[in-house]
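**Q** Heads up, the sequence shown is in my numbering, so the first residue is 88 and it goes up one at a time. One structure, as structure tokens, below. Some questions next.
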Amino acid sequence: MVCWPQGLRYFAQGETIHTENSYKYPLSDFLSMLACAGFAEPRVWTDEQQWFAVIHAHA
88 MVCWPQGLRY FAQGETIHTE NSYKYPLSDF LSMLACAGFA EPRVWTDEQQ
138 WFAVIHAHA
């Protein structure tokens, strides 16, 4: 059972709950998406292989 503001939601035994979607983009694609959305000059920190990034962006 989960309590939501709209009420309670009961789950059957064995029922699955989808909790996450994970999307991975090349850094250049993600920076293009930020630019298209109006975010200017993001700061980017990556590991050497660019497998992981921390991006600070503001509109």
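Note that beta-carbon positions come from the ideal geometry of N, C-alpha and C, so glycine has one too.
Less than 8 Å between the beta carbons of Ala144 and Leu121, yes or no?
**A** Here residue 144 refers to the residue found at position 57 of the sequence shown. Here residue 121 refers to the residue found at position 34 of the sequence shown. Yes, they are a contact pair.
**Q** Please name the residue or residues paired with Ala99 in a DSSP beta bridge.
**A** Within the sequence shown, numbered from 1, the residue matching residue 99 stands at position 12. Paired residues: none, contrary to the question.
**Q** Helix, strand or coil for Ala146 per DSSP?
**A** The residue labelled residue 146 in the question sits at position 59 within the sequence shown. DSSP places Ala146 in coil when its eight states are reduced to three.
**Q** Measuring only the C-alpha atoms, how far is Cys90 from Tyr97?
**A** Counting from 1 along the sequence shown, the entry for residue 90 is found at position 3. Counting from 1 along the sequence shown, the entry for residue 97 is found at position 10. So the two alpha carbons sit approximately 9 Å from each other.
**Q** Just to confirm, does Cys123 get its C-beta within under 7 Å of one of the non-hydrogen atoms of the ligand MN?
**A** Within the structure as shown, the ligand MN is missing, as the structure has no ligands at all.
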